[in-house]
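See structure below.
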Amino acid sequence: MNSASEQPVSPVVVTIAGCNKEDADTVFHVLGESYVSDRADEDTPEYVSEGHTTVWTATFEVTGARSAAGPMRLTAPVEAEIQGGYWAVDRMREVLAAAFDVHDEGMAAGDQEKDVQLRLESRTAV
0 MNSASEQPVS
10 PVVVTIAGCN
20 KEDADTVFHV
30 LGESYVSDRA
40 DEDTPEYVSE
50 GHTTVWTATF
60 EVTGARSAAG
70 PMRLTAPVEA
80 EIQGGYWAVD
90 RMREVLAAAF
100 DVHDEGMAAG
110 DQEKDVQLRL
120 ESRTAV
């Protein structure tokens, strides 16, 4: 099972923190263009409590990507954590890399899943 058509739907949990709500929305929008999500299109991130770190989470059903976004602009670097099956996390990272400069910050691996910490920045070619 190496091709996208042979892979079962695999959920990937995306957690975003340490950024403004507009940048979080940009990242979720990029992923939502490629994968079905538990977030509605009109569901934009909001701050829960001013002065405290807000963490936004969404689950995406990763299959073969429908499309990849072009370069997108962020106002500041975004810390993202993606957790799921190896194949699905790798596909999601590819979609993110089409829109942003992606820097690997850390990874924890298990038998069936991995958890990857990424720093996303605006593409230098934007």
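Using numbering that gives the first Met the number 0, you'd call the opening residue of the sequence shown number 0 and step up by one each time.
Glycine is no exception: its CB is placed at the ideal position from the N, C-alpha and C atoms.
1. Classify Gly109 as buried or exposed, calling it buried when 16 or more other Cβ atoms lie within 10 Å of its own Cβ.
2. Where in the region 63-115 do unbroken runs of the beta strand (DSSP E), each at least 3 residues long, occur, reported from the N-terminal end onward?
3. Using 10 angstroms around the beta-carbon of Met130, count the other beta-carbons present and answer buried if the total reaches 16, otherwise exposed.
4. Out of Arg72, Gln82, Ser121 and Pro70, point me to the one whose CA is closest to Ala57's CA.
5. Suppose the cutoff is 7 Å on Cβ atoms and the five residues either side in sequence are ignored; what does the same chain contact list for Tyr85 look like?
6. Please report the straight-line C-alpha distance between Ser121 and Val77, rounded to a whole angstrom.
This is what the structure holds:
1. Under the 10 Å beta carbon count, Gly109 is surrounded by fewer than 16 other beta carbons and is classified as exposed.
2. Taking 3 residues as the shortest admissible run, the region 63-115 contains the following complete beta strand (DSSP E) segments, listed from N- to C-terminal end: 77-84 and 99-108.
3. An answer regarding residue 130 cannot be provided, because it is not within the stretch 0 to 125 covered by the chain.
4. Restricting attention to Arg72, Gln82, Ser121 and Pro70, the CA atom closest to the CA of Ala57 is found in Gln82.
5. Listed in chain order, the non-local C-beta contacts of Tyr85 below 7 Å within the same chain comprise Lys113, local neighbours out to five positions each way being set aside.
6. In a straight line, the C-alpha of Ser121 is about 9 Å away from that of Val77.
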